[in-house]
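**Student:** Below is a structure I'd like to ask you about.
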Amino acid sequence: MPLTRRDFMKGLAVFSGLGLAPKFLTDVYADTAQAIQGFNDGRVLVVVQLGGGNDGLNTVVPFENDLYYNARPNLGLRPGRLLKLNDQLGLNDALKPIMPLYDQGQLAVIQGVGYPNPDRSHFRSMEIWHTASDSDEYLGDGWIGRYFDNNCSGSAQPQVGLALDAERPQAFGSALGYGVSTTDPGKFGWNAGQGADSTAAFEALNTGATGNPTLDFLRHTTTAAVQSSGEVRAAAKRGKVQMDGGRGRAARVNQLDTVAGLIRGGLATRIYYVSTSGFDTHAGQGGRHEQLLGDVANALARFQQQLERDGTADRVTTMVFSEFGRRVNENGSGGTDHGTAAPMFLLGRNVRGGLHGQTPDLADLDRGDLKFNTDFRRVYATVLESWLHADPKAVLKDSFEPMNLIT
Amino acid sequence: MASLHPIGPESWSLASARHLLNRAGFGVPHSLAVRLSEMAPEAAVDHLLGYENVPFAYPEPDFLIPALTQQERRAKRRGLGEEERRALQQEEQRKEREALRRLQAWWIQRMRVSPRPLEEKMALFWHGHFATSAQKVRASQHNYELLEVFRRNATGNFRTLVTHVGQSPCMLRYLDNDRSTKQKPNENWARELMELFTLGQGQYTEEDIKEAARAFTGWSSDGRSFQFRRQAHDSGAKTVFGRTGNFDGADMIDILFEQEALAPFICGKLWKFFASENPDPDVVAALASTFRESSFELKPVLRQIFLSEAFHAPEVVGSQIKSPAQFVVKLTHDLALDTVPPVAMVQATARLGQDLLHPPNVKGWDGNRAWINANTLLIRYNLPADLASAATRGHNQRMAGGGDAMMMAPAGADPELAPPAMTMTPAEKKAAEDPRAALREQIREKLKGLPREERQFKLKILRTGNPAQRRALLKELGLEAPAEYDPLSDMFEGMTFTTAGECIAQLAERLIGAPLAHDQRQTLLQALGVPDAGMPVTPENLPDQKRNELLHLMTSLAEYQLC
């Protein structure tokens with residue numbers, strides 16, 4: 001009977017305890033605790049996108065403010081349904097799974113994040129977040145892509161960025177073409193098809209210089225793709241782990257399970273990108289929004305627990321964002337329309353937990369929308385400078401004052 | 001120096017005709033390349049350019065949602081409560097999304113079947129040049145109308161094209177000019193018109209943009225078609241490019257066409273799209289003077305490009321990376337995958353980075369190397385198998401007389417692709433949709449009486465055994481494996497080869513358009529499992545599986561990405 005993963009790990013624990021772990025096993029796991037190939041540290045950033053525009057006011061709730069309840073007679077959340085952060089603010093009860101992280105100082109809630117002249121189109125606003133542009137500026141590349149171009153050229157590994165998605169996020173847009181996207185890292189690669197494995201033939205057909213620059217570029221990219229896909233697949237296999245408790249409701253962001261596995265598997269990836277959608281709650285928001293937030297919170301909590309178990313938690317910081325918040329006033333359909341500023345989250349052992357930024361002023365609105373007080377690019381700048389040790393100005397093309405979010 | 005001198009008949013070959021067809025079209029069908037190669041170069045180019053003379057009846061889309069004027073919209077909403085309005089809006093958006101999906105399918109199928117390839121290639125060029133996205137402009141009718149503007153003026157007069165684009169509700173909405181008023185001029189259209197559509201960056205000042213925006217105020221739409229709103233128009237004096245007057249939008253366009261930068265900007269872009277990335281400045285200058293002399297008619301410029309020695313130079317031929325649309329259209333032709341549902345083709349182009357009607361931004365697609373990264377390249381290599389299985393599904397649906405005719409193929413566009421008028425019983429229909437289902441039923445019957453362990457053992461072989469084991473077991477049970485539809489078999493029709501070497505050579509000629517390198521041929525022979533190129537090919541030593549593997553390897557060549 002084959003050993004289950006659990007049996008295998010138990011066995012490994014026994015071996016390690018006695019100092020008897022076979023060398024090939026300790027090598028694999030020793031690697032994962034150290035630097036990522038091509039970088040001088042092993043730090044990882046995980047970006048979680050909440051697509052559709054998360055209702056910030058019902059995520060971080062100003063329960064002492066009458067203006068909030070006046071604007072939201074039906075959707076307003078009563079203090080009894082909140083996780084109190086202080087005497088003014090409470091987190092939506094659905095975020096309970098990540099409350100222990102908050103209590104341990106591993107969850108930073110950054111309030112009122114946005115940008116000047118906000119665009120209420122999902123597409124355009126998402127583009128602004130991805131490219132880190134001004135709202136009247138159109139950039140062809142993405143902020144993460146520019147980070148790759150500036151800081152990862154020594155790595156020569158396209159998988160310095162990995163998006164768990166069929167399409168490459170705009171944020172990965174890069175002159176040098178870093179970043180791979182796949183929905184299933186375990187299957188990312190050339191599909192040899194049925195029957196004999198022709199992978200060797202495929203590789204042989206696409207190697208060697210030809211003198212035709214475009215052809216050589218394609219062959220080079222093929223080699224890199226094959227190499228990175230081999231590493232991605234191998235890491236997925238190495239890191240494959242039976243998560244506790246099954247997928248259940250956390251299915252919404254279950255790519256985070258995969259990310260934990262790849263980190264555990266020691267993939268040379270600096271930035272992981274996962275996304276979920278459904279936050280466009282124009283109608284019937286009550287209950288629905290709780291479910292969305294709850295799923296995300298479950299997935300994040302489980303992700304963090306897995307990192308702790310794997311001993312990789314020190315290396316990983318997670319950032320959660322959405323393209324905009326919702327209108328302050330609820331609409332006639334029990335929902336909220338596209339709005340502006342909303343909170344962001346940073347999670348991880350190296351995060352300075354607690355509340356950051358200012359609570360948006362409900363008495364000072366712009367045509368019924370919140371005014372932002374923290375430009376999202378300040379958060380990017382912080383993550384770039386304090387976490388990834390990169391020059392934020394080179395990536396963001398402008399100076400944004402970093403915040404005190406990383407210990 | 002690269003020369004715009006016309007290529008002589010002595011240099012004209014099947015390879016040059018194929019190059020011309022790749023660039024002025026989608027490289028298909030191969031038979032057209034053969035026909036072009038038998039003409040003189042001028043005649044071949046004129047045949048492609050004079051596409052108006054080639055009859056083509058492609059059905060108009062009948063699935064578009066008619067655009068309403070603002071008045072009509074308001075009337076439709078009158079008396080509705082907020083919730084009903086919201087429901088109406090959601091329903092309208094759902095319908096528009098569906099219509100847009102059909103419009104994408106309609107277009108890519110048109111690229112596939114049109115005998116007027118240059119018309120579609122130019123429409124695709126203009127779609128990338130005057131990029132608007134259905135992400136913002138959701139009205140299917142407006143998207144279609146702009147595509148028609150591109151098609152009608154594809155190789156006509158550029159000034160006419162610019163005017164019609166600027167007055168199309170799609171562009172008016174996309175760049176917000178429909179909301180531009182005397183009091184609050186919106187500069188979006190004026191800026192992109194100069195920067196991306198006519199002159200290029202740095203050929204104007206911020207002041208020129210501001211003033212041009214004033215000239216275009218009043219160019220608007222009533223929600224259905226172009227409307228000039230006199231009250232919104234700023235009729236005061238503007239100073240733009242050093243000229244002062246009470247200019248309106250039409251004057252503004254005339255002024256742009258007086259600018260030196262326009263002709264080289266457009267000719268450079270055409271050269272990059274059709275020929276190569278880094279045009280020789282002298283070539284661009286020469287094309288620009290042709291453009292000006294012909295009062296901005298496009299045909300003379302295109303004719304000059306397509307005939308030129310520079311266009312046919314060895315460093316230009318086979319140097320371009322196929323766009324996703326070209327890649328997908330050509331792949332379905334190359335592998336004779338005639339039953340791929342257009343929707344699957346659209347999805348494939350989107351996965352490869354060219355979601356039709358959804359360019360990434362107003363700058364359109366960068367093209368060439370920007371199409372390629374580790375992810376998209378692997379998708380390209382894996383696509384033949386994906387499309388072959390889509391073709392099987394398409395085939396089965398057609399046999400069943402089912403499927404959405406439009407999602408399959410527009411009836412009448414290609415008689416071969418129209419669903420046959422067949423009368424089938426529901427059981428036959430089901431069997432055709434899923435030939436394996438019927439077989440599974442039969443197997444269950446046959447295994448019924450067997451002891452449990454034996455039954456499970458046999459089922460396991462049927463599920464996981466190799467094809468030979470499965471066939472043997474089916475034979476033992478007195479069943480015949482269903483003749484499975486093999487979409488790839490069609491491509492071998494009409495091909496004659498007797499040896500492995502000939503097989504590989506003919507496929508290389510067909511797929512790559514050039515012989516393979518020696519070591520590549522050797523690798524392929526090895527993959528075929530034959531000792532040498534002279535080995536005779538028979539159904540025994542080239543079974544379907546080997547043959548498909550060979551096709552997969554050959555379409556997984558870096559060379560196959562080029563045209």
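From first to last, the protein sequence lines stand for chains A and B. Each residue of the first sequence is one higher than the one before, starting from 1 at the first, in our numbering. Each residue of the second sequence is one higher than the one before, starting from 1 at the first, in our numbering. In this text, a Cβ means the ideal position worked out from N, Cα and C, and glycines have one as well.
1) So with CB distances below 8 Å, who are the chain A contacts of B/ILE372?
2) Please list, in chain order, all residues of the same chain as A/PHE123 whose beta carbon is under 7 Å from its beta carbon, the five residues on each side excluded.
3) Whole angstroms are fine: how far does the CA of A/ALA225 sit from the CA of B/GLY367?
4) Check whether the Cβ atoms of A/ASP369 and A/THR340 sit closer than 8 Å, and answer yes or no.
5) Got a sec, what are the start and stop residues for the alpha helix (DSSP H) B/VAL362 sits in?
6) Alpha carbon to alpha carbon, how far is B/GLY412 from B/ARG398?
7) Any idea if B/THR498 is buried or exposed, counting beta-carbon neighbours within 10 angstroms, 16 or more meaning buried?
8) Between A/ALA260 and A/LEU95, how many whole angstroms is the CB-CB distance? I'm expecting something under 8 Å.
9) Go through the region 69-106 of chain A residue by residue and report every complete run of the beta strand (DSSP E) that reaches 3 residues or more, in order.
10) For A/ASP398, which option in A/LEU83, A/TRP143, A/GLY357 and A/VAL60 has the closest C-alpha, if you only look at C-alpha atoms?
11) Which class does B/ARG243 belong to by DSSP, given the choice of helix, strand or coil?
12) Give a yes or no on whether 8 Å exceeds the smallest Cβ distance from A/PRO392 to chain B.
13) For the region 285-352 of chain B, which segments carrying the alpha helix (DSSP H) assignment without a break, of at least 4 residues, lie completely within its bounds, in sequence order?
14) Please identify, using Cβ separations under 7 Å, the residues of the region 255-276 of chain A that lie next to chain B, in order along the chain.
15) Starting from the C-beta of A/THR4, find all residues in its chain whose C-beta is less than 7 Å away, skip the five residues before and the five after it, and write them out in chain order.
16) Please name the residues in the region 353-365 of chain B whose beta-carbon is closer than 7 Å to at least one beta-carbon of chain A, in chain order.
17) Are the CB atoms of B/ILE504 and B/GLU559 nearer to each other than 8 Å?
18) Which residue spans inside the region 30-108 of chain B form an unbroken alpha helix (DSSP H) run of at least 4?
19) Anything in the region 119-145 of chain A with a Cβ closer than 8 Å to a Cβ of chain B? List those residues in chain order, please.
20) For a contact meaning CB atoms closer than 7 Å, what does A/ALA224 contact in chain B?
21) Please state whether the Cβ-Cβ distance between A/GLY414 and A/GLY354 is less than 8 Å.
22) Using the Cα positions of B/ARG85 and A/ARG367, report the straight-line distance between them to the nearest angstrom.
23) As a quick exercise: from B/PRO117, B/VAL28 and B/LEU68, pick the residue whose alpha carbon is nearest that of B/ASP46.
24) Please classify B/SER13 as buried or exposed, where buried requires at least 16 other C-beta atoms within 10 Å of its C-beta.
25) Quick one: does B/ARG381 have its CB under 8 Å from some CB of chain A?
26) Quick check on DSSP: helix, strand or coil for A/THR336?
27) What do you get for B/ALA237, buried or exposed, if any count of 16 or more other CB atoms within 10 angstroms of its CB means buried?
28) Using a Cβ-Cβ distance under 8 Å, would B/LEU378 count as near chain A?
29) Run through chain B and tell me which residues come within less than 8 Å of A/THR438, C-beta to C-beta.
30) Any beta-carbon of chain A closer than 8 Å to the one on B/ARG471?
31) Skipping 5 residues on each side, what residues in its chain have a beta carbon closer than 6 Å to that of A/ARG120?
32) Which first and last residues belong to the alpha helix (DSSP H) in which A/SER229 is found?
33) When the Cα atoms are used, what is the spatial distance from B/GLN167 to A/LEU346?
34) Specify, as a first and last residue, the run of the alpha helix (DSSP H) that A/ALA260 falls within.
35) By how many angstroms is the C-alpha of B/PHE216 removed from the C-alpha of B/ILE65?
36) Considering only the beta carbon of each residue, do A/LEU262 and A/GLY230 sit closer than 8 Å?
**Tutor:** This is what the structure gives:
1) Position 372 of the second sequence, counting from 1, holds the residue named residue 372 of chain B. Going along chain A in sequence order, the residues near B/ILE372 (Cβ under 8 Å) are GLY177, PHE217, LEU218 and THR221.
2) By one-based count along the first sequence, residue 123 of chain A stands at place 123. Contacts found: none.
3) Along the second sequence, read from residue 1 onward, the residue named residue 367 of chain B stands at position 367. Along the first sequence, read from residue 1 onward, the residue named residue 225 of chain A stands at position 225. Going from the Cα of B/GLY367 to the Cα of A/ALA225 covers about 20 Å.
4) Here residue 369 of chain A refers to the residue found at position 369 of the first sequence. Here residue 340 of chain A refers to the residue found at position 340 of the first sequence. Taking the C-beta atoms as reference points, A/THR340 is found nearer than 8 Å to A/ASP369.
5) Stepping through the second sequence from its first residue, residue 362 of chain B is reached at position 362. Looking at the DSSP string, B/VAL362 is not in any alpha helix (DSSP H), and its letter there is neither H nor E.
6) Locating residue 412 of chain B in the second sequence gives position 412, where the first residue counts as 1. Locating residue 398 of chain B in the second sequence gives position 398, where the first residue counts as 1. Below a pLDDT of 50, predicted positions are generally treated as unreliable, and B/GLY412, at 39, falls in that range; no measurement from the model is reported.
7) Translated into positions along the second sequence, residue 498 of chain B becomes position 498. The residue is exposed, with fewer than 16 neighbouring Cβ atoms inside 10 Å.
8) Within the first sequence, residue 260 of chain A is the residue found at index 260, counting from 1. Within the first sequence, residue 95 of chain A is the residue found at index 95, counting from 1. 20 Å between Cβ atoms; not a contact.
9) Fully enclosed beta strand (DSSP E) runs of 3 or longer: 82-84 and 89-92.
10) Counting from one through the first sequence, the residue named residue 398 of chain A turns up at place 398. Ranking the options by Cα distance to A/ASP398, first place goes to A/TRP143.
11) Start at 1 with the first residue of the second sequence, and residue 243 of chain B comes out as number 243. Of the three classes helix, strand and coil, the one that applies to B/ARG243 here is strand, per DSSP.
12) The residue you call residue 392 of chain A lines up with position 392 of the first sequence. For A/PRO392, the nearest beta carbon of chain B is not closer than 8 Å to its own beta carbon.
13) For the region 285-352 of chain B, the full-length alpha helix (DSSP H) segments reaching 4 residues or more read 298-307, 324-334 and 342-351 along the chain.
14) So the list is empty, because no residue satisfies the distance condition.
15) Indexing the first sequence from 1 puts residue 4 of chain A at position 4. Note that A/THR4 scores a pLDDT of 37, beneath 50, so its modelled location is shaky and nothing firm can be said.
16) The residues in question are ASN361, VAL362 and LYS363.
17) Numbered from its first residue, the second sequence carries residue 504 of chain B at position 504. Numbered from its first residue, the second sequence carries residue 559 of chain B at position 559. Against a cut-off of 8 Å, the Cβ pair of B/GLU559 and B/ILE504 comes out as no contact.
18) The region 30-108 of chain B contains, as complete alpha helix (DSSP H) runs of 4+ residues, the segments 30-37, 41-49 and 70-77 (chain order).
19) Closer than 8 Å at the C-beta level to chain B, one finds these residues of the region 119-145 of chain A: SER121, PHE123, ARG124, GLU127, TYR138 and GLY140.
20) Reading the first sequence from its first residue, position 224 is the one you call residue 224 of chain A. Neighbours of A/ALA224 on chain B, chain order: ALA374.
21) Absent from the model: residue 414 of chain A. The displayed extent of chain A is 1 to 407, so no value can be given.
22) Sequence index remark: in the second sequence, residue 85 of chain B carries index 85 (1-based). Sequence index remark: in the first sequence, residue 367 of chain A carries index 367 (1-based). If I take the Cα positions, the gap works out to 22 Å.
23) The residue given as residue 46 of chain B occupies position 46 in the second sequence. Answer by Cα proximity: B/PRO117.
24) Within the second sequence, residue 13 of chain B is the residue found at index 13, counting from 1. With fewer than 16 other Cβ atoms within 10 Å, it is exposed.
25) The sequence position of residue 381 of chain B within the second sequence is 381, counting from 1. Per the sequence presented here, residue 381 of chain B reads as Tyr, with Arg not at that position. Output row for B/TYR381: interface = yes.
26) Looking up residue 336 of chain A in the first sequence gives position 336. DSSP places A/THR336 in coil when its eight states are reduced to three.
27) Here residue 237 of chain B refers to the residue found at position 237 of the second sequence. Result: exposed.
28) Along the second sequence, one-based indexing puts residue 378 of chain B at 378. Judged by the 8 Å Cβ criterion, B/LEU378 is in contact with chain A.
29) Shown here, chain A extends from 1 to 407; a query on residue 438 of chain A therefore has no answer.
30) Position 471 of the second sequence, counted from the start, is the residue given in the question as residue 471 of chain B. False, the Cβ-Cβ gap to chain A never drops below 8 Å.
31) Counted from its first residue, the first sequence places residue 120 of chain A at position 120. Result list for A/ARG120: HIS338, in chain order.
32) In the first sequence, residue 229 of chain A corresponds to position 229, counting from 1. A/SER229: member of the alpha helix (DSSP H) spanning 213-239, first to last residue.
33) By 1-based counting over the second sequence, the position of residue 167 of chain B is 167. By 1-based counting over the first sequence, the position of residue 346 of chain A is 346. Answer to the nearest angstrom: the Cα atoms are 47 Å apart.
34) Reading the first sequence from its first residue, position 260 is the one you call residue 260 of chain A. Taken as a continuous stretch (DSSP letters only), the alpha helix (DSSP H) holding A/ALA260 covers 255-264.
35) What you label residue 65 of chain B is simply residue 65 of the second sequence in a count that begins at 1. What you label residue 216 of chain B is simply residue 216 of the second sequence in a count that begins at 1. C-alpha separation (whole angstroms): 28 Å.
36) Along the first sequence, read from residue 1 onward, the residue named residue 262 of chain A stands at position 262. Along the first sequence, read from residue 1 onward, the residue named residue 230 of chain A stands at position 230. Going by C-beta atoms, A/LEU262 is not nearer than 8 Å to A/GLY230.
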